[in-house]
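Participant: Let me begin by handing over the structure; questions about it come next.
Protein chains: 2
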Amino acid sequence: MARRGVALEMAVLGLLHDAPMHGYELRKQVTALLGWGRVLSYGTLYPCLKAMARSGFLQMATPTAGAAGGRGRIVYSITAPGRQRFTQLVSEGGPASWEDDVFGVHFAFFARADARTRVRILEGRRSRLEERLERFRTTLARGREHRDAYALELQRHGVESAEREVHWLTDLINTERAGAAPGASGPISTPDPDTTNHHPSTKETA
Amino acid sequence: MARRGVALEMAVLGLLHDAPMHGYELRKQVTALLGWGRVLSYGTLYPCLKAMARSGFLQMATPTAGAAGGRGRIVYSITAPGRQRFTQLVSEGGPASWEDDVFGVHFAFFARADARTRVRILEGRRSRLEERLERFRTTLARGREHRDAYALELQRHGVESAEREVHWLTDLINTERAGAAPGASGPISTPDPDTTNHHPSTKETA
DNA sequence: GTTAGCATGTAAGGAGTTACATGATTTT
DNA sequence: AAAATCATGTAACTCCTTACATGCTAAC
């Protein structure tokens, strides 16, 4: 079958949305975009690309087409159904979209979603983290079972990281509500004078 | 076969090292200890426990033993080979131990490893993160492909988180070198379970 | 005496990895 | 022309989850 991870499917569609690419390049871009620590393996990517082509979302072009079974580089490009599919994926703000992995991909393509979807996903993600935090703190507060200093330190660090991310999300939500894009003016400012990035702000591609 | 994740195996052995427990309780403790966001599912835990019992690391005690097919609560306790196995796992400071998931478990049971192992793992983990950071920054610096403000913000946040964790690790390493335990005050002096010999231990029965 | 929560388990499948295997193109 | 790197692909496996299925025990 095909359904090799919604996250991967989204990433592939999103990257090919801008420009056709072959698999090797795609792997690097996906890896860089999502910063998953690990690199995406070909064993995942190629079967996924094939399946997506079978589903009609992608088109495969072999430059040395038709020749004997030679294995040339294949350029993948997105099709009209593929664009439709991407738009659909990008505007889904359901619970699935605030899970660890999927959230990252959604965020990476936020420029392609409308503001309402963005806020919904950010808030959903934030409450996911807050639940986790709550469970964590309950466990800690229950005092007993508190184990040694290392286990405590691990939990303290876990809580701190989660709190930090909640804070990040809150800032982003406020920025969204103010109708701006991140990095521009809000509490989060990148000292990045050189890059003249055109930020999307009010752009709503349907 | 059995090898259901070194991380899980270690967590189970480490928790049962302190006290026997049944699976239900074990699940809660593992989940709390590792703070994996998600909860550990029974579909993972029970087969793992069974396999570990088959390997001789665990002993299963059914209070209502021998009776008709009734399903009572089963208390798992660690065996002498199990303790040995745990000691072995805990003192392995190889590359495997600085991967995301495994690192957490190792850290949680740091009190059971000797100082040299602790420092080795902390340093290994830190260089893992630094590599990741390096790749990240190279991609960013390469300028091109820089995508929109959201993608940039995602990467900025990724870099910041990794940097923060590197800093955390550095502090821990310094603390270790100074011969202290984390959390402000003096060294932990849990009577060290000998890393060279397995001792038949104090409690063994259910 | 029934709901709620404790407790144990299995089958099927999803999402990925590693290791392997191959061939094309560029650099030295 | 050898070496490095680019490029594509498959098979087998790992680790985990979901959905299901069962039964015991305390509380109301």
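First to last, the sequence lines map onto chains A and B.
With the first letter of the first sequence counted as 1, position 139 gets the number 121 in the numbering used here; the numbers rise by one all the way through.
With the first letter of the second sequence counted as 1, position 166 gets the number 148 in the numbering used here; the numbers rise by one all the way through.
C-beta atoms are modelled at their ideal positions from N, C-alpha and C, and glycine is treated no differently.
Under 8 Å: do the region 95 to 107 of chain B and the region -5 to 15 of chain A share three or more Cβ pairs, one atom per stretch?
Facilitator: no
Participant: Less than 7 Å between C-beta atoms, sequence neighbours within five positions excluded: which residues of the same chain meet that for R114 (chain A)?
Facilitator: A144.
Participant: Taking a contact to mean a Cβ-Cβ separation below 8 Å, would you say E147 (chain B) touches V101 (chain B) in this structure?
Facilitator: At least 8 Å separates the beta-carbon of E147 (chain B) from that of V101 (chain B).
Participant: Looking at the secondary structure, which residues open and close the beta strand (DSSP E) in which I60 (chain A) lies?
Facilitator: V57 to I60
Participant: Can you give me the C-alpha to C-alpha distance between A(-11) (chain A) and A160 (chain B), rounded to a whole angstrom?
Facilitator: 44 Å
Participant: With 16 as the cutoff for other CB atoms within 10 Å, does H149 (chain B) come out buried or exposed?
Facilitator: exposed
Participant: CB L40 (chain A) to CB G64 (chain A), shorter than 8 Å?
Facilitator: yes
Participant: Starting from L40 (chain A), trace the alpha helix (DSSP H) both ways and give me its first and last residue.
Facilitator: L40 (chain A) -> not in any alpha helix (DSSP H); beta strand (DSSP E) instead, spanning L40 to A43.
Participant: Closest to E81 (chain A) by C-alpha separation, out of A:L27, A:V21 and A:E112, would be which residue?
Facilitator: A:E112
Participant: With a cut-off of 8 Å on the beta carbons, I'd call A90 (chain B) and A133 (chain A) a contact; round off their distance for me.
Facilitator: 5 Å
Participant: Tell me the start and end of each unbroken alpha helix (DSSP H) in the region 76 to 129 of chain B that is at least 4 residues and wholly inside, in chain order.
Facilitator: 82 to 90 and 97 to 123
Participant: Answer with yes or no whether the minimum CB distance from F118 (chain B) to chain A is below 8 Å.
Facilitator: Taking 8 Å as the CB threshold, F118 (chain B) lines the interface with chain A.
Participant: Go ahead and label G17 (chain A) buried or exposed: buried means 16 or more other beta carbons lie within 10 angstroms of its beta carbon, across all protein chains shown.
Facilitator: buried
Participant: Let me check understanding here. Comparing Cα to Cα, which of A:A162, A:H(-1), A:T152 and A:H4 lies closest to T69 (chain A)?
Facilitator: A:H(-1)
Participant: Applying a beta-carbon distance threshold of less than 8 Å, which residues of chain A neighbour H139 (chain B)?
Facilitator: Those are W150, listed as they occur along chain A.
Participant: Buried or exposed for P164 (chain A), going by 16 or more other Cβ atoms inside 10 Å?
Facilitator: buried
Participant: May I ask which residues mark the beginning and end of the alpha helix (DSSP H) holding P29 (chain B)?
Facilitator: Y24 to R36
Participant: Per the DSSP calculation, M(-8) (chain B) is bridged to which residue(s)?
Facilitator: According to DSSP, which records beta bridges pairwise, M(-8) (chain B) is partnered with nothing at all.
Participant: Using a Cβ-Cβ cutoff of less than 7 Å, which residues in the same chain neighbour A47 (chain A) once the five nearest sequence positions on both sides are dropped?
Facilitator: Low local confidence applies: a pLDDT of 46 at A47 (chain A) is under 50, so the model's placement there is unreliable, and no value is given.
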